[in-house]
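9 is the number that my numbering gives to position 12 of the sequence shown; each next residue is one higher, with no gaps.
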Amino acid sequence: MERRFFLKSTSFGAGGLLISSFIGFMGCETEPVEPWEPNFFLRIMPDGTVEFSCPQSEIGQGTSTGLTQILADELGADWDKIKIQLADGSYEKFPGTQGTGGSNGIRKLWEPLRKAAAMAREMLILAASKKWDVLPVDCYAKDGFVHSTKTQLKIAFEELLSLVKDEYPSEDIAYKKESDYQYIGKSISGHKNKKIVTGSLEYSMDVTLPNMVYARIVRCPVFGGVVKHFNADAVEKMPGVIKIVQIEPIPVFENDFVGGVRSGIAVLADSSWRAIKASELLEITWDYGANASLDENAIFKEFEKNEKAVNPIDGGAFSDFPNALIEETISARYTIPYQANACMEPLNSVAFHKGYEVEVWAGTQSPQMTRERIAELTGLPLASVIIHNKFAGGGFGRRFFTDFVEEAIILSGKVRRPVKLIWTREDTISASKYHPYTVEYWSAHLGKNNTFLGFSNRGYFTRASNYPSYLYGKPIRFHESIQNSAKQLLPRASWRSVMAYPWGFGMESFMDEVAHKLGKDPLAFRLELLGEADVSSLNRNPESPYQLDARRLRKTLETASQKSGYTKTTKEGRAFGVSAIMYNYSYCAHIAEVSVNEGQLKVHKFTSVVDCGKVINPSQVKSQIEGSIVWGLTALLKGCITLKEGRVQQSNFHDYPLLRYSETPEIEVHLIASDHMPTGVGEPGVPGVAPAVLNAIHNATGIRLRDAPVLEIPSTLEAQG
């Protein structure tokens, strides 16, 4: 494969929106024209190419295409002349915008990217207007040209490079009118799709450097265990083997994202194949440590013990209604198992520790945090650490964590040569980090004559959470997020929709339970609670990201009901189940249509309605919701991570399967037109998938299932507990 090198952005000031003090041309006009870099986001080349330095990682979600649409419209660029490159890790250039997670990419860059592009457009227009001696207001930018409405002249962006250096934008930048958009709101194909299909898109696994060696690490299969001793005599004599290195464990740090390197033995060789084959012959004796006897039952017992002796992190009692009003309380307990991220591209990185400088090529979801961690690990100044962010085949939160880069850095430091480290599929699933086991308790408080008063909630997580203090317009009278001390039984990782997944699983299942208790249709009950008032904020904490707009949630539910043909009762042997979630300012309602015959579940259809504000790329939004449904169904129906004698029992897709195409239901996604600012869609579709299916199963069979995964449908009502 032909090697491609990304151009490094040049810093001319602090902050990604500062206009550079362009170093102009020296001498006569015949000298070569230099590129123009008005800010850290974009650079216009002498051939007219517009290079977009994208601060967000591209892990298959398509954010880089959506961001390019924003830039292209505000700049007035020619789409076919835009070249997208992932930005190197740099807090100085992109403060707070290089973490790809939480469905925040479009939302947090919508305003700064528009501003950066609009400022550059204004400078180009100023330069052209002076050249033509016309007013800037009589000029506009489109398709890579500045046009004059007075003279009908036009001039290409690249022809203005020698003039624009002297221009400065006004303080009040005018954004384009929505009616002038050429790209925003259009279903434009992903810029990298052709390269993916032809195999020419470069991932970190494709990076090849001179004098590079290849590594395979055999890690302790029990988290927390260490190498007791090993024999590598036979391995060291094998062809191509360069060095054997013992990896010392690095504990998980307080913020979870760094550290967590397992003890192990690494084989460095002149090819990946030789490194892998040699590693299989290593003779290693492990000290498995305290976790050697653990299985799921031990974890469950640890959780139950801690549920009785809690350590509150946040939340507490509120005084929305006194105990005296409560006539009856109904409660339910919901559990979520360990889950792996199972990225299609195994974890990998290339690192070159030169002693005075470190250079890394990796598909990471946080190049800034990775850069800071490597500086800490090596003792080098931040300026001596370079992180080249690469395209990645899936992330789902796992590539936020730095362990797979830390390992490569350690090994490169031992040989002072570039090292390519590739985790096998088995490593990626069985020796990784996981979405944690969680428990959710929900209670509903009823007054006289079954008057619904409100909720209480207690969640046992491995990380404290902050969620709404109102639900569907009713107060959550008591909310606690408990950080369970069992958190270190397995190292935890972010996982698509993170803690909103167990929250949504319990919350939306329980909403149906309350509705049935009150004898009401579950969808109508939700709409009844939301009411008719234009309630725009339902959270006590104004800084919380969960400021629920009841009007928007209501509209997604109403639209889903209309589009799906929802009925409370079964229809032609099928039953409907509903859920609705607000995640980080995006709203998503699901209606699942299922049937259960002789204990066999068939998910026939999902009708999903999304309000994510202004839609940048409808096709990509729909793709993300479709992917979220497949992700959620996989987690609910296909299995989980289990432990025996401290070892993860799953290792590949044969025992940690994904939903197959033949098992995938018909999916129909509808988008709500909105003038709200654009928000994310990578995760809001996930939390409501499982409860929609479980609610449909209950409506079909009368059986209430509260624990994932659901591998079979019981034939009795014992599941209701």
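All residues carry an ideal CB built from backbone N, CA and C; glycine is no exception.
Fair warning: this is a prediction, and the values are worked out from it, not measured in the lab.
(message) When you compare the CB positions of G237 and S276, do they come within less than 8 Å of one another, or not?
(response) Contact flag unset, no.
(message) Under DSSP, the alpha helix (DSSP H) around N190 begins and ends at which residues?
(response) Here the alpha helix (DSSP H) through N190 covers N190 to T195.
(message) I need the DSSP call for F507, collapsed to helix, strand or coil.
(response) DSSP places F507 in helix when its eight states are reduced to three.
(message) Tell me the residue span of the beta strand (DSSP E) that contains H667.
(response) Note, H667: beta strand (DSSP E), E663 to L668.
(message) If you reduce the DSSP assignment to three classes, tell me which class Q82 lands in.
(response) In the three-state DSSP reduction, Q82 falls in the strand class (E or B).
(message) With DSSP as the reference, identify every bridge partner of V242, one or two as the case may be.
(response) DSSP lists A263 as partners of V242.
(request) Could you tell me how far apart the beta carbons of I296 and D85 are, in whole angstroms, since I believe they sit closer than 8 Å? (result) That belief does not hold up - the Cβ atoms of I296 and D85 are roughly 40 Å apart, past 8 Å.
(message) What residue range does the alpha helix (DSSP H) around W129 cover?
(response) DSSP places W129 inside the alpha helix (DSSP H), whose first and last residues are G102 to W129.
(message) For L526 and T435, what's the separation of their Cα atoms in angstroms?
(response) The alpha-carbon of L526 is positioned some 27 Å away from that of T435.
(request) Would you list the residues sitting across from Y211 in a DSSP beta bridge? (result) Bridge partners of Y211: A266 and K417.
(request) Take M508 and list the residues in its own chain whose beta-carbon comes closer than 6 Å to its own, dropping the five residues that flank it on each side. (result) In its chain, beyond the 5 residues on either side, no residue has a beta carbon closer than 6 Å to the beta carbon of M508.
(message) Rounded to the nearest angstrom, what separates C340 and D135 at their Cα positions?
(response) Going from the Cα of C340 to the Cα of D135 covers about 51 Å.
(message) Which same chain residues end up closer than 6 Å to F522 when comparing Cβ atoms and leaving out the 5 residues on each side of it in sequence?
(response) Here the set comprises A512.
(message) Would V686 and L598 be called neighbours here (beta carbons separated by less than 8 Å)?
(response) Here V686 is not near L598, since their CB atoms are 8 Å or more apart.
(request) With DSSP as the reference, label H513 as helix, strand or coil. (result) Helix, per DSSP.
(message) Given a cut-off of 8 Å on the beta-carbon distance, is the pair S201 and V416 in contact?
(response) No; because the gap between Cβ atoms is not below 8 Å, this pair is not in contact.
(request) Less than 8 Å between the CB atoms is what I'm expecting for I214 and G261, so what's the real figure, rounded? (result) About 5 Å separates the two Cβ atoms, so the contact holds.
(request) State the CB to CB distance for the pair A153 and F142, rounded to an integer number of angstroms; the pair is presumed to be in contact (CB under 8 Å). (result) Yes, they are in contact, since the Cβ atoms of A153 and F142 sit about 5 Å apart, within 8 Å.
(request) Please look up how many angstroms separate the CB atoms of K726 and F388, rounded, as I've assumed it's under 8 Å. (result) Past the boundaries of the shown model lies residue 726; the chain is included only from -2 to 718, so the question cannot be answered.
(request) Could you tell me whether the region 93 to 104 touches the region 661 to 673, using the rule of 3 or more Cβ pairs below 8 Å? (result) Segments in contact, no.
(message) What does the Cβ neighbour count give for D230, buried or exposed, with the cut at 16 atoms within 10 Å?
(response) With fewer than 16 neighbouring CB atoms inside 10 Å of its own CB, D230 falls in the exposed class.
(request) Over the uninterrupted alpha helix (DSSP H) stretch that includes P519, give me the two end residues. (result) Per DSSP, P519 is one residue of the alpha helix (DSSP H) stretching across P519 to L527.
(message) Using CA atoms only, rank isn't needed, just tell me which of S145, Y137, K139 and R118 is closest to D130.
(response) Closest option to D130, judged by alpha-carbon separation, among S145, Y137, K139 and R118: S145.
(request) List the residues that DSSP assigns as beta-bridge partners of H442. (result) Looking at the DSSP output, H442 sits in a beta bridge with T326 and G451.
(request) Would you mind working out which of L278, D177 and K151 sits nearest A69, comparing C-alpha positions? (result) Here the closest residue by C-alpha is D177.
(request) Whole angstroms is fine: what's the gap from L379's alpha carbon to E89's? (result) Those two C-alpha atoms are separated by around 11 Å.
(request) Under 8 Å by Cβ, that's how I've got I700 and P711 pegged, so tell me the actual separation to the nearest angstrom. (result) Correct: roughly 6 Å between the Cβ atoms.
(message) Buried or exposed for D424, going by 16 or more other Cβ atoms inside 10 Å?
(response) When all chains shown are included, D424 counts as buried.
(request) Could you name the residues of the same chain whose beta carbon sits closer than 8 Å to that of L524, not counting the 5 residues immediately before and after it, in chain order? (result) Result list for L524: R551, L554 and E555, in chain order.
(message) Considering only DSSP beta bridges, list what N345 is partnered with.
(response) Paired residue(s): I419.
(request) Pick helix, strand or coil for A380, following the three-state DSSP scheme. (result) Reduced to three states, the DSSP call for A380 is helix.
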